[in-house]
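The structure appears right after this line, and notes come after that.
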Amino acid sequence: MLTSQLHPAFKFNGLQFDHPDDLLAFAHRLKEDGVKFEQHVAKFIIKWFNEENYIKVKTSGSTGKSKKIKLQKLHMINSAKATGVFFKMGEGNTAILCLSAKYIAGKMMLVRALTMGWDLHVVAPEKDAITQYDNKYDFAAMVPYQVYHSMKALNKVKKLIIGGGEISSELEELLQQKNVEAFATYGMTETITHVAVRRINGAGRTIEYAALPNVKFSIDERGCLIIEAAGISQNIIVTNDLVTLLTPTSFIWLGRFDNVINTGGVKVFPEQIEKKISSEINLPFIISSKKDEALGERVILVLETEDSTKISNYSEVFQKLSQYERPKKIYTLSKFPLTENGKIKRNEIKGLLARYKFIKPNEQ
Numbered sequence: 001m002l003t004s005q006l007h008p009a010f011k012f013n014g015l016q017f018d019h020p021d022d023l024l025a026f027a028h029r030l031k032e033d034g035v036k037f038e039q040h041v042a043k044f045i046i047k048w049f050n051e052e053n054y055i056k057v058k059t060s061g062s063t064g065k066s067k068k069i070k071l072q073k074l075h076m077i078n079s080a081k082a083t084g085v086f087f088k089m090g091e092g093n094t095a096i097l098c099l100s101a102k103y104i105a106g107k108m109m110l111v112r113a114l115t116m117g118w119d120l121h122v123v124a125p126e127k128d129a130i131t132q133y134d135n136k137y138d139f140a141a142m143v144p145y146q147v148y149h150s151m152k153a154l155n156k157v158k159k160l161i162i163g164g165g166e167i168s169s170e171l172e173e174l175l176q177q178k179n180v181e182a183f184a185t186y187g188m189t190e191t192i193t194h195v196a197v198r199r200i201n202g203a204g205r206t207i208e209y210a211a212l213p214n215v216k217f218s219i220d221e222r223g224c225l226i227i228e229a230a231g232i233s234q235n236i237i238v239t240n241d242l243v244t245l246l247t248p249t250s251f252i253w254l255g256r257f258d259n260v261i262n263t264g265g266v267k268v269f270p271e272q273i274e275k276k277i278s279s280e281i282n283l284p285f286i287i288s289s290k291k292d293e294a295l296g297e298r299v300i301l302v303l304e305t306e307d308s309t310k311i312s313n314y315s316e317v318f319q320k321l322s323q324y325e326r327p328k329k330i331y332t333l334s335k336f337p338l339t340e341n342g343k344i345k346r347n348e349i350k351g352l353l354a355r356y357k358f359i360k361p362n363e364q
């Protein structure tokens, strides 16, 4: 049985289609004649309307080896509808697709538009895509990098979801000056993008994530999040995300279990440290750790730069941190290893550090 449906109000760059066959014919032309990003869109549409009841997608590979998994089309539709309910988005709303349809986030923007009848503007997934058009949009999805480069144009968007990377304190503060309703999202490929969102600006700003409809949360013995969402996954999903569970439908995210640093018997979260100092360091960086006889692990700062002679003195920056959070040494790498969709491979960096000498001790 064919699960996929075409909402009669769906529009693709102003074009409307009376029947799925018309959209498929358009997609086949786009696959042959379009540029790369258009071909990714076309390939997904063709697969969406085939006889299979699933779509094959690749996981991000940020915490392990990337792999292909099957997502049920019905589950993808349910996820799209949950987003529509949560954000009060329905037939005729306008949206922009400025993410690559090669990845799940871009694919789901297409599913939402096809399922709920959105007027979708599909553009190249460039860092400042939204600045290049005069259109106004009810809904948009971007990665943090795009948001940074789209600040002057965010007034074109009513509701914006941000995913695919950490949102720094600096970015959150910049968004306080904007009228757009901006939300951080929590999710992964296995949960068909977001299952929880957090308002990050305006009067509704909060530190906690709220579940989408029909999603429930609990924690395991490690304190890691467990996700139960029958409509989008046949299995309960046990994550490696450490959280403070507030209710069965809300939590505060702390960091990844596999990233936690135990230094002197105190657990610190690299992601939280990075957020505190992100506005003070103008180079790509991560907080990591090295083995230490006295502390067990010592906190370190790793910078991405090819010129280690121009490293700033970060002693004042580190004073913002608690005693246990302060990096004891600074290391540099010329290039951070990244996953296919741009996430830093933290574990691989740990393995590389042995080849490099530290730049400056910051014994605190």
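In UniProt numbering, the protein residues as written are 1 to 364. Glycine included, each C-beta is placed from N, C-alpha and C at the ideal position.
Over what stretch of residues does the alpha helix (DSSP H) that includes residue i continue unbroken?
i, result
"E38", "36-48"
"I344", "Segment: none, I344 is in no alpha helix (DSSP H) and carries neither H nor E."
"A210", "Where A210 is concerned, there is no enclosing alpha helix (DSSP H), although the beta strand (DSSP E) it sits in stretches over 209-211."
"Q272", "270-277"
"L6", "L6 -> no alpha helix (DSSP H), and no H or E assigned at all."
"K31", "20-33"
"K317", "Checking the sequence shown, residue 317 turns out to be Val, not Lys. Note, V317: alpha helix (DSSP H), 315-318."
Distance, Cα to Cα, residue i vs residue j?
i, j, result
"Y331", "S66", "27 Å"
"L74", "H149", "35 Å"
"N347", "K290", "12 Å"
"K350", "V260", "13 Å"
"I77", "V266", "43 Å"
"G117", "R298", "53 Å"
"V197", "I226", "16 Å"
"T249", "E208", "10 Å"
"L114", "H19", "12 Å"
"G342", "I46", "26 Å"
"V143", "K275", "16 Å"
"residue 365", "G163", "Given a span of 1 to 364 for the chain in the structure shown, any question on residue 365 remains unanswerable."
"P361", "S168", "Low confidence applies here, because P361 scores a pLDDT of 44, under 50, leaving its location unreliable; read the following figure in that light. Each residue's alpha carbon lies about 26 Å from the other."
"V122", "C98", "7 Å"
"K329", "V180", "40 Å"
"F183", "S312", "33 Å"
"L120", "E221", "43 Å"
"L338", "S288", "16 Å"
"K81", "V195", "12 Å"
"D21", "K156", "33 Å"
"F251", "P8", "38 Å"
Can you name the start and end residues of the beta strand (DSSP E) that residue i belongs to?
i, result
"residue 370", "Residue 370 cannot be examined here, being either before or after the span of the chain that is shown, 1 to 364."
"N262", "261-263"
"E181", "181-188"
"R199", "193-199"
"F285", "285-292"
Please determine, among the options, the residue with the shortest C-alpha to C-alpha distance to residue i.
i, options, result
"M188", "A25, K58, G204", "K58"
"L353", "K102, Q146, E304, E340", "E304"
"G14", "D241, W48, I96", "I96"
"S279", "F318, T244, D241", "F318"
"L110", "S218, E32, T193", "T193"
"E190", "T239, L154, C98, K343", "T239"
"E52", "M108, Y133, S4", "S4"
"L175", "V195, G204, G164, Y186", "G204"
"Q323", "I344, V268, S312", "V268"
"Y103", "N93, K43, L120, S308", "K43"
"H40", "I130, E173, K107", "K107"
"T247", "E340, S100, N282, A210", "A210"
* Contained beta strand (DSSP E) runs [length at least 3] in the stretch 220-257, N- to C-terminal order -> Runs of the beta strand (DSSP E) inside the stretch 220-257: 224-228, 237-247, 250-256.
* To do: Examine the Cβ distances between the stretch 64-75 and the stretch 86-97 and report whether three or more of them are shorter than 8 Å.
  => no
* To do: Answer yes if the stretch 209-218 comes into contact with the stretch 226-234, meaning at least three C-beta pairs across the two stretches below 8 Å, and no otherwise.
  => yes
* Asked: Which parts of the stretch 77-164 are runs of the alpha helix (DSSP H), unbroken and 4 residues or longer, counting only runs that do not cross its ends?
  -> 104-116, 144-148
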